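Student: Using my numbering, the letters of the sequence shown map in sequence onto residues 5 to 303. Structure in structure tokens, see below.
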Amino acid sequence: MRTFNIALLAIFVGVIILASHAMGQQAYHWLPIAAAKEAEPVGHLFSFLVKLGAIVFLGVLGMLLYSILFYRAASSDTSDAPAIRGNLKLEITWTVIPILLVIWIASYSYNIYQRMNTLGALPLVHLHLLEAPAYAETGSSDMQPSEQIEVIAKQWSWSFRYPSQNVTSTELHLPVNQPVHLMLQSEDVVHGFFVPNFRIKQDIIPNRTIELKFTPNRVGQYQLHDSQFSGTYFALMEANVYVDSPERYSQWLAQAATRPPVPAVNPATSEHTQPPGIPLRSNWRTVPPAQPPVVNFAQ
């Protein structure tokens, strides 16, 4: 009987490990397509947490099912259960194991954040991998860091300024496989720069310029969201992000520089000026959107 129990336990543990590993690998597909170098370690961390969570969940579920199948009381048994005072070994076990798991998760997460070199809530925040970037290894002039791009957030619109070309746009265009240097600014309240495909998120604090560095590595169109509740129309505060080839990026900048500046269309302003279908009598004051930005290129 003892041999049978040991074999059953071994099979049970093996099934849990295999199932958890498969679920962790599947977790990569639960996230949007990765489009930045910084997305890779974040994906590994997410997969690791899913694997660990699956092991805990399946382990507890398996023990519950095992107890129900083999240790349930007979329907005719109405006696009280035995009075168990406590088991010191068991209590130490279920205390030590969670502590070790938490330390393991914290260590792995800290290692990921160290690789991304996140400096936290400082006036200047740099976010990039510690490894040397590709342009330092190849020496190619095409891989030199791109120019600084000013990102201005306000209620409720984004605008992006390219100082070298004197271009302002409501679309964010970035060159692929080149380090990007964003200068994040807010004109009113706290906003959040969040592109799910890049796996990076940075709060934008008023009266402070925050640097954000990363390297997009997949050509395509993505979506920028405001990750902070910045007011009534914050859900409308979105912008298209385009990762272009270096040639296409240069062409877009040159084309945008030839256009005269005009006020952009702000969806929040359009919605705010529409009369409500049902008159509101709450006497709550609605914050009007800021004036739309004046840009050379609007989406």
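Even for Gly, the Cβ is constructed at its ideal location relative to N, Cα and C. Because the structure is a prediction, the values reported are computed rather than measured.
#1: Return the chain-ordered list of same chain residues with a C-beta closer than 6 Å to the C-beta of Ser168, the five sequence neighbours on each side being excluded.
#2: Just the C-alpha distance for Met187 and Asn170, rounded to the nearest angstrom, thanks.
#3: At what residues does the alpha helix (DSSP H) containing Met241 begin and finish?
#4: Would you check if the distance between the CB atom of Val199 and the CB atom of Ile208 is smaller than 8 Å?
#5: Could you tell me the alpha carbon to alpha carbon distance between Arg289 and Ala239, rounded to whole angstroms?
#6: Could you check the C-alpha separation between Asn244 and Val180 for me, to the nearest Å?
#7: Tell me the rounded alpha-carbon separation between Ser161 and Ala39.
#8: Whose C-beta lies closer than 8 Å to the C-beta of His25 among residues of the same chain, with five residues either side of it excluded?
#9: Below 7 Å CB to CB, which residues in the same chain sit around Val291 once its five sequence neighbours on both sides are set aside?
#10: Return the first residue and the last residue of the beta strand (DSSP E) that Lys205 is part of.
#11: Whose CA, out of Arg222, Ser111, Ser254, lies closest to the CA of Val247?
#12: What residue range does the alpha helix (DSSP H) around Ser295 cover?
#13: Helix, strand or coil: how does DSSP classify Glu135 here?
#14: Does the separation of the CB atoms of Pro296 and Thr273 fall below 8 Å?
#15: With a 10 Å radius around its C-beta and 16 neighbouring C-beta atoms as the bar for buried, classify Glu141 as buried or exposed.
#16: Could you check how far apart the C-beta atoms of Asp192 and Ala294 are, in whole angstroms? I think they sit under 8 Å.
#17: Could you please give the first and the last residue of the uninterrupted alpha helix (DSSP H) stretch that includes Gln159?
Tutor: Quick look at the numbers:
#1: Glu151
#2: 15 Å
#3: First-last for Met241: undefined, no H or E at that position.
#4: The beta carbons of Val199 and Ile208 sit no closer together than 8 Å.
#5: 18 Å
#6: Cα to Cα, the separation comes out at about 15 Å.
#7: 23 Å
#8: Lys55
#9: Gln159, Gly235, Thr236
#10: 204-208
#11: Arg222
#12: It is Gln, not Ser, that sits at residue 295 in the sequence shown. Unbroken run through Gln295: none, as it is neither H nor E.
#13: Confidence is the limiting factor: at Glu135 the pLDDT is only 38, short of 50, which leaves the residue's position unreliable, though a coordinate-based value still follows. Glu135: coil per DSSP, three-state reduction.
#14: yes
#15: Per-residue confidence for Glu141 stands at a pLDDT of 34, beneath the threshold of 50, marking its modelled position as unreliable; the derived number appears in the next sentence. Answer is exposed; the Cβ neighbour count stays below 16.
#16: 7 Å
#17: Here Gln159 belongs to no alpha helix (DSSP H), and DSSP marks it neither H nor E.
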